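*Asks:* Have a look at this one.
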Amino acid sequence: MSMLYDHEGNRKYLTIAERTAFLKAAGRMSQEVYTLCAVLAYSGARLSEVLALTYEHIDTHARLVLIESLKKRRPGVFRAVPIPAKLILDLERVHGIAAARKDPSHAHQRLWGFCRTTAWSRVKTCMNQAGISGSQASPKGLRHAFAVASLQSGVPINFVRKWLGHSRLATTEIYADAVGEEEQKIASRLWGTF
Numbered sequence: 013m014s015m016l017y018d019h020e021g022n023r024k025y026l027t028i029a030e031r032t033a034f035l036k037a038a039g040r041m042s043q044e045v046y047t048l049c050a051v052l053a054y055s056g057a058r059l060s061e062v063l064a065l066t067y068e069h070i071d072t073h074a075r076l077v078l079i080e081s082l083k084k085r086r087p088g089v090f091r092a093v094p095i096p097a098k099l100i101l102d103l104e105r106v107h108g109i110a111a112a113r114k115d116p117s118h119a120h121q122r123l124w125g126f127c128r129t130t131a132w133s134r135v136k137t138c139m140n141q142a143g144i145s146g147s148q149a150s151p152k153g154l155r156h157a158f159a160v161a162s163l164q165s166g167v168p169i170n171f172v173r174k175w176l177g178h179s180r181l182a183t184t185e186i187y188a189d190a191v192g193e194e195e196q197k198i199a200s201r202l203w204g205t206f
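Whatever position you read off the sequence shown (first residue = 1), add 12 for the numbering used here.
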């Protein structure tokens, strides 16, 4: 069975509509919860990687988050992931990135003080409020959704591999198996012949 479906055949990634509903639900939570959820959705990073983000790892001018790849065998391996300008503005408004980066004692602090369990619980609450349940209703579902949406939007697979921090292209290629809008359109041509 592919990485995109669980052992019972249930989808493990959020659709675009589900991701939109999730972000809308997160917008009704505290501002810190919203920014955590938005960074998860727009970066494709793992929950632990997002929780490890410090002020110095938010590049507001280049509109990047610098994610430390925590699954690597050595510390200090980072990947730069572009994020939307609106999310940069939200991070600045909620967390005061520019001021924190200027203060050496503050620049190395993490943006969110949540432990992993609390953060996972906040994400799950947003999923519930968005009406999303099942295998995809998790931080990992957001990571999978990011990968699938990136490839379906035409982002070159080498960028997606880099953004996700995959060592092997074959790992990223798994996400190309998701049935997207383009595949549905092609299949609909076939259906018209019956």
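Quick reminder that beta carbons are idealized off the backbone N, C-alpha and C, glycines included. All values derive from a computational prediction rather than experimental measurement.
Please work out which residues of its chain come closer than 8 Å, Cβ to Cβ, to H156, disregarding the five sequence neighbours upstream and downstream, and give them in chain order.
*Replies:* M15, L16, K24, Y25, L26, Q148 and Y187
*Asks:* Would you kindly check if the distance between the Cβ of L48 and the Cβ of W124 is under 8 Å?
*Replies:* yes
*Asks:* State the DSSP-derived secondary structure class of L48, mapped to helix, strand or coil.
*Replies:* helix
*Asks:* Just reading off the alpha helix (DSSP H) that F34 is part of, what are its end residues?
*Replies:* I28 to G39
*Asks:* When we look at the beta-carbon of R105 and count the other beta-carbons within 10 Å, is it buried (16 or more) or exposed?
*Replies:* exposed
*Asks:* Ignore the nearest five residues each way along the sequence and tell me which others in M13's own chain have a CB closer than 7 Å to its CB.
*Replies:* With a pLDDT of 41 at M13, under the threshold of 50, the predicted position of this residue should be treated as unreliable, and no value is reported.
*Asks:* Can you tell me the Cβ-Cβ gap for I28 and A57, rounded? I've got them flagged as a contact below 8 Å.
*Replies:* Rounded, the Cβ-Cβ distance is 19 Å, inconsistent with contact.
*Asks:* Would you please state the rounded distance, in angstroms, between the beta carbons of T66 and A110? I believe it to be under 8 Å.
*Replies:* With 8 Å as the limit, T66 and A110 do not qualify as a contact, their Cβ atoms being about 14 Å apart.
*Asks:* Roughly how far, in whole angstroms, is the beta-carbon of R173 from the beta-carbon of L163, given that I think they are within contact range, below 8 Å?
*Replies:* R173 to L163, Cβ: 10 Å. No contact.
*Asks:* Please state whether DSSP places L65 in a helix, a strand or coil.
*Replies:* coil
*Asks:* Determine, using beta carbons only, whether V93 and S81 come nearer to each other than 8 Å.
*Replies:* no
*Asks:* If we ignore side chains and look at the alpha-carbon of each, how far apart do A159 and E61 end up?
*Replies:* 16 Å
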